Each structure stands twice: as C-alpha cells, then as structure tokens.
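2 protein chains.
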Amino acid sequence: MTFRLITTDSQTAARAGILATAHGEVRTPAFMPVGTLATVKTLSPEQIRRTGIQIILGNAYHLKLRPGEEVVEAAGGLHEFMRWDGPILTDSGGYQIFSLAQMTRITEEAASFRSHIDGSLITLSPEGAVELQRRLGPDIAMVLDQCVGYPCERKKVEDAMRRTLRWAERSIKTPRAEGQKLFAITQGGVHRDLREECTRELAQMDFDGFALGGMSVGEPKELSDEIVALSTSLMPEDKPRYLMGVGYPEDILNAVGHGVDMFDCVLPTRNARNGEAFTSTGRIKIRNSAHRLSQEPIDAECDCYCCRNFTRSYIRHLFIAGEVLGLSLITEHNIRFYARLTAAIRESIENGVFAEFRKNFLAKYLGS
Amino acid sequence: MTFRLITTDSQTAARAGILATAHGEVRTPAFMPVGTLATVKTLSPEQIRRTGIQIILGNAYHLKLRPGEEVVEAAGGLHEFMRWDGPILTDSGGYQIFSLAQMTRITEEAASFRSHIDGSLITLSPEGAVELQRRLGPDIAMVLDQCVGYPCERKKVEDAMRRTLRWAERSIKTPRAEGQKLFAITQGGVHRDLREECTRELAQMDFDGFALGGMSVGEPKELSDEIVALSTSLMPEDKPRYLMGVGYPEDILNAVGHGVDMFDCVLPTRNARNGEAFTSTGRIKIRNSAHRLSQEPIDAECDCYCCRNFTRSYIRHLFIAGEVLGLSLITEHNIRFYARLTAAIRESIENGVFAEFRKNFLAKYLGS
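Chains as they are written, first to last, in this note's numbering: chain A, 1 to 368; chain B, 1 to 368.
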C-alpha cells in the first residue's frame, strides 16, 4: 500500500496521512524542496536532512540534459549519485518542455524539442519518460503530461488534456523500476468540466498518486483555488494528492484545506538565493539596510542552524559582499521554515484544530 | 607566554611548537585558511571546524571596506560576528594596499588610497591599523607594513623596509585589545642585507611573533627560499615565525625545513572554487572529462566529508552545472588536505623524521 490516511479534518477537507516509499515513509501534508539537478541548490545532503524535510524533488528533464541519465545510472541511481538516502520524487519534464525547451513540437507519439542548455535535439515519449525515470531511480516517478499556459484557448487546453490522458494510459503500461511508484498528472486548465473529465478518467487507472499539473501558470488565485477544490473531491481518497509547483505558505494552507497532501516549489530555495527569508511574521529582504546592525536572527522562533548561530547583520554582510555562505544559510533556514510549517499543519490536523491553526498562522504571518 | 617550542629537528631547522591565544592553542607548523571577509568562502564555521584546521585568517583592509569595523564591533568582534570560536589572525592590509587599492599615496604618516570596492578615500596609519584590529578583535593582529613588488629597484625596497621598521615602532606603542597579540612583518625584498637589517631590528622589539612579508610577489623560488632561510635564522627562537601568502604543499614543506611555523594562502580555497582539488598524488581538475563516470572520491586517502560521501562523477556534474555545492565540497576537501598535511608535518617533526616524511610525501605528490 502506498498511502495510508490517518485523519480527515471535520471542518475542512484537510487530511493527514503516511506515504510509504522504498526509502522510508513521508508524513503528509508534506513539502518537497526542489533539487532539480541532483542537488538542492547550495545544500549538502546532511544540511537538507537536518531541516527535517522528508522528501525531495528532482527533475528528469534537467537530469537528462545534465549530467545525462547514463551518468546517474552509473552511480546506481539518484540516491547514490547525490547521497540522499530519503525519498525522492522526480518530475517527468512535461512542465519544463512547456516552459524551458526551445522549438518544441508535440505529436501524438512524443515531444521533440531542443535543449535549453546546448540546443541538442531531444525526443521524449510517455514511455521514454518512464524509462528515463526507471534509470534515474527515484521512489516516485511522474507521467509525461502536456502543459498549457494561461490564458489559453479552450480547444488547446482540451487537446492537451486528452493527450495527457492517452499518454497516461501508455505510461502506466511501461515497465518501471522495482518498488517505484508512478503518479498521474491532471490537466484541463481552469475549465471545471475539463478538469473533471481528466481527473475522473485518471482516477480509474491504477496510479499510486494523483497530481494537479498546469497550475500556477498565471491564472488568478480564485480560479486555481476552485480547480484544486474540485479536483481533490474527484480523486480517490486512498491515494496521495499532489499540487505541483505550489507555493507560498498561504497557498499551501489553502490547498491543504482542500485535501492536498503533497507540494513542491522553488520559492524557499530560489527566494533564499535572492536574499529573501520566510519568517513567522512574514518575508524579509536581508539586503535591507535596516538589518545592517541587527543582532537578531532571521526568525527568533526558528531552530535552524542559521537562526541558532547567525545575526541578520552578518547574513546581510554576506549577501552584500556576494559570499556564497549567505545563500546556503538562508536556503537552509527557508527549507526549515517549510518543514516546520508542514509539521505544524500535520499536527493541527491530527489534533482536529487545522482551521484554527491556519487562521492564527496567517494572522501572524500576513500581519493581519 | 605566546609560544612554546616543543622540538627542533636535528637534520633541518624544522620545529614543532604551541602558540597560545585567547581562543585556544595552535600546534605548529600550522596553516591558516583565508577568511578575508569574515567567512572562509563557501564554508560554515562547523564545516571549517571539522576540517581540523586550528586557526583562520581575516583581513582588516577588506573588513574595513565591507562591512566596516563598526558592524563587526557591534557584534562583539570577529569571533562573534562570524561565529568562529577558534583563533583568528587578521592581516593589517599592507599587502592589499600594495596589490588592490587604487590611487595609493604613502607618506611617512600613513597610507592613503581609494577603496577597490566603491572608490571611497581611506587613510590608514600604523596606529590606525592597530586600532582597526583592536575593534575587529582577532587573537593576533599584524602591523601595517609597506610592500613592494618584484622586480623593484633597490632604493625603493630599502625605503619601504625602513618605513616598515619605523611603522613597527609606532605600532607596538599603540594600545590594543586585551590579550591580543601583535606580530611584526619584515620587508627588504630579496636583498639579503636589507632583510637582515630589517629582521635584526624588529627582533629587538617586543613583538609576539615575526612574519616574512612581501614574499610570493613574483620572485624566483630559489631567491625566496634563500631569504626565508636567512630570515628565520635571525628571528628569535622563542617566537612564532610566519611566512605570509605561502603556498603550495611543496613550498610549505620547504619553508618548514627552514624553521617557519605558520602559513596562510588562498590556494586551497581559491583553487577549489576553480574546480582544482589537492590529492595525495597531486592536483586534479574536476571538470576534466576523465572524471565523468568516475565512482572514486577525490582522494581515496582522505577522510573529509566530501571524500567519504561523493564521487568525482557527482562533483564534476556539480561544477559543469554551476552548482554551488561543488564549491563547498572541494573547498572543505582542500582545507582538510592542508590540515592533514600540517598535522603530518608536526608529527614527523616530533618523531624526528621530518626529512624522510617530506621526501616521501613529495615523491608521491609530485609523482617523481
């Protein structure tokens, strides 16, 4: 069994569960920091580990381009290559083909595109994406989907959704590594009927989990919120639900209330490298001159290595001087922030006080 | 007592000793990795600590420019600011004024120059350099010296050396922080008589240690070797001797044979960031395609975090992809290499087998 539901909240659709993988259990709701190229940028595996994060995300598209799946496979797979012995999920590349690749041409058979790194021609079919992830060896592989942006004409959204469905059928028939889970991805943009059709169809196939794809591509939050609520209501209760590419703490709290179990997002890591830190009272820009002489940690409520040791004054100095240590200190802090947030969410669900927790957290975090 | 001599080698002038500081003892010969801006580039204090390195170097000139001594002082000094609780030595800035500063004008009173960061006008006198280091709070401060390059006309070398002597007299009279040591710096280029005069004069003043400055500025190795041997022979036996800005393992082994106790150099850290690693069989460039599928560590004989965990294949990938983790992994390894080298040197001196150790190490390292 892949997923065990522990509790469902009485006031919202929030749920706490346990996802079983070949590299250990993941308590949900869970956040996956992004480790695109077999590294969560700036951190060593031991630094990731001590943030308390349970599972990380890699990216099959990026790893195919650099270093190439043969290099990862030669090491014995992603876990051995990057020396992370916890669970790993890899995205298939559907979103990257949509957002990064050049001269993309998508046929029924496969997606063809040029690498955004060196322009080389690459073809990726649904079967190829599963095979690629078989060689990379994550605990959880994602099917290849076809993403569209927002806004987008309905006909295009519908065609991409239907192709994603047909590709899902081909994906699930493709052999994968032993013990490896495969998650489906829904498409359909912000159209309720298309999302419903896609989710219902996929729910009938024997996937280990279900992801909402093609979200956070520019659509208004009210619309995505509606689509998330609709989609989770149509997904099997006994399988994990994963909202891809989301998001800010407020977005996560919102989606958890709709019954989402898993998240990934570049925000904590990318914003860290831009000098932005998440704190219990909101986000701060460490370069701000207000921090020049501040002997306070980034977040007095945080127990991470960065907050236990360093002042805002010192970290600001590192950023102003362009010192790499600043990047890894805030990255570790931000990931710890997300790990603490999701742990607190789980606890509140288990204690039946999620709605109250969410309200209190947001009041403090958003300063409202 | 600042320095206690433990053993002097019978075949060479090599010595093992213990340097006492307000933040603990340093067993010599010792290597100090460079932490110019209150950070050993890419590493956290705990990563530095586990390399086994005993003392690090900061730079008063750089810290004055960024973040400014008032910021470091507000934190309670360098140790608190960067959270390194071991010994710290700061260089005064004499070498940086010579090599980095712009529009430099040196009078008997002080050096005036423009910051290489923002062009602001700065004046640093010998007294000011001691006062600056009083505020920064290292365990060991260095006097302000006047450096010249190589080649350089004798008259200029002589004038700079004499001024360095007069500045040393002013420096030692300037109040410094409680428990803070002050080291003198000799000048005189590669002229034996000038170095001799400078060293003899300084040796009569009550400094806590003596450094050779103005070395590694382009002079042939035979000349610098001769100057090092001469200089150490004129320095007090009961005070530590510090060869500034040196160097490669072979240079360190050579200088230890002449009785040098302390070293600092950017090589292990800077070369790491360029993808060059020191190993027991010589230096390797990690970007080399030969390492693409290598499942070997950087150095099979090394016990650092990097070598215990990661393959050349993985680290090469990090460098090719521009991932920051690669920089910190090789930096930690290179510093560990220097820490192990100097620990092995000390042990060989204590066991009376330094010459043999040096010969064996170099045969393997240089592949000869």
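Backbone N, C-alpha and C define an ideal beta-carbon position, used for all residues, glycine too. As the structure is a prediction and not an experimental result, all values here were calculated from the model.
Paired residues, beta bridge with residue i - DSSP
i	result
A:Cys265	A:Pro33
B:Arg114	B:Gln102, B:Leu121
A:Ala16	A:Thr7
A:Ile88	A:Ile56
B:Arg27	B:Ile18
A:Leu243	A:Leu212, A:Phe263
CB contact check: residue i to chain B, cutoff 7 Å
i	result
A:Arg312	no
A:Glu276	no
A:Arg66	yes
A:Leu78	no
A:Phe183	no
A:His333	no
A:Thr42	yes
A:Asn309	yes
A:His317	yes
A:Leu293	yes
A:Phe81	yes
Neighbour flag for residue i against chain A, beta carbons, 7 Å
i	result
B:Asn351	no
B:Thr90	no
B:Glu323	yes
B:Ala74	yes
B:Leu37	yes
Residue i versus residue j: straight-line alpha-carbon distance, rounded
i	j	result
B:Thr164	B:Leu5	28 Å
B:Thr342	B:Lys285	23 Å
A:Arg241	A:Gly214	15 Å
B:Gly188	A:Gly282	58 Å
A:Gly93	A:Val260	22 Å
A:Arg27	A:Arg346	8 Å
B:Thr30	B:Ile56	Going by the sequence as given, residue 30 of chain B is Ala instead of Thr. Between B:Ala30 and B:Ile56, the C-alpha separation is close to 10 Å.
A:Ile106	A:Glu350	45 Å
A:Val118	A:Leu100	For the record, residue 118 of chain A in the displayed sequence is Asp; it is not Val. The straight-line gap from Cα to Cα measures roughly 12 Å.
B:Leu230	B:Cys152	20 Å
B:Leu202	B:Thr186	8 Å
A:Gly25	A:Met235	With the sequence shown as reference, residue 25 of chain A is identified as Glu, and Gly is not the correct amino acid for it. Going by the C-alpha atoms only, they are around 21 Å apart.
A:Met32	A:Phe263	6 Å
B:Met161	B:Glu250	28 Å
B:Ala16	B:Thr199	22 Å
B:Ser216	B:Asn254	14 Å
B:Glu69	A:Leu43	30 Å
A:Phe81	A:Arg134	15 Å
B:Glu219	B:His191	11 Å
A:Val246	A:Gly76	30 Å
A:Ala290	A:Ser313	9 Å
A:Ile335	B:Ala344	40 Å
heavy atom of the ligand MN below 6 Å from residue i C-beta
i	result
A:Phe3	This structure does not include the ligand MN; it has no bound ligands of any sort.
Proximity to residue i [Cα-Cα], best of the options
i	options	result
A:Tyr61	A:Asp91, A:Ala20, A:Pro87	A:Asp91
B:Met401	B:Met82, B:Ala168, B:Thr7	Residue 401 of chain B lies beyond the range of chain B shown here (1 to 368); nothing can be said about it.
B:Glu73	B:Ala38, B:Ser294, B:Arg336	B:Ala38
B:Ala13	B:Glu237, B:Glu69, B:Tyr365	B:Glu237
A:Thr8	A:Ala355, A:Lys364, A:Ser44	A:Ala355
A:Leu121	A:Arg134, A:Gln102, A:Ala363	A:Gln102
B:Pro126	B:Pro249, B:Pro175, B:Phe263	B:Pro175
B:Leu89	B:Thr279, B:Gln146, B:His79	B:His79
A:Asn59	A:Ser44, A:Glu323, A:Leu144	A:Leu144
B:Arg83	A:Phe310, A:Thr2, A:Gly35	A:Phe310
A:Leu124	A:Asp159, A:Gly149, A:Lys64	A:Lys64
A:Ala277	A:Asp299, A:Gly68, A:Ile18	A:Asp299
B:Tyr248	B:Ser233, B:Ile227, B:Lys239, B:Ser280	B:Ser280
B:Asn271	B:Ser44, B:Asp159, B:Leu136, B:His333	B:His333
A:Pro67	B:Asp225, B:Leu318, B:Phe3, B:Pro45	B:Leu318
B:Val275	B:Gly52, B:Arg49, B:Leu325	Residue identity check: residue 275 of chain B is Gly in the sequence provided, not Val. The shortest Cα separation from B:Gly275 among B:Gly52, B:Arg49, B:Leu325 belongs to B:Leu325.
A:Val71	B:Gly128, B:Arg166, B:Ala344, B:Ser294	B:Ser294
A:Glu109	A:Tyr150, A:Asp85, A:Ser171, A:Gly77	A:Ser171
A:Ile97	A:Asp85, A:Gly86, A:Arg340, A:Arg114	A:Arg114
A:Pro138	A:Gly86, A:Gly149, A:Lys156	A:Gly86
Chain D contact for residue i (CB, 7 Å cutoff)
i	result
B:Gln295	Here chain D cannot be found, since the structure's protein chains are A and B.
In chain order, each alpha helix (DSSP H) run of at least 4 residues that lies wholly inside the region 43 to 67 of chain B: Listed in chain order, they are 45 to 50, 60 to 65.
If we require 4 or more residues per run, which alpha helix (DSSP H) segments fall completely within the region 275 to 337 of chain B? Whole alpha helix (DSSP H) segments, 4+ residues: 305 to 309, 312 to 320.
Which runs of the alpha helix (DSSP H) at least 4 residues long sit entirely within the region 140 to 226 of chain B? Give them in chain order. 154 to 172, 192 to 203, all fully within the region 140 to 226 of chain B.
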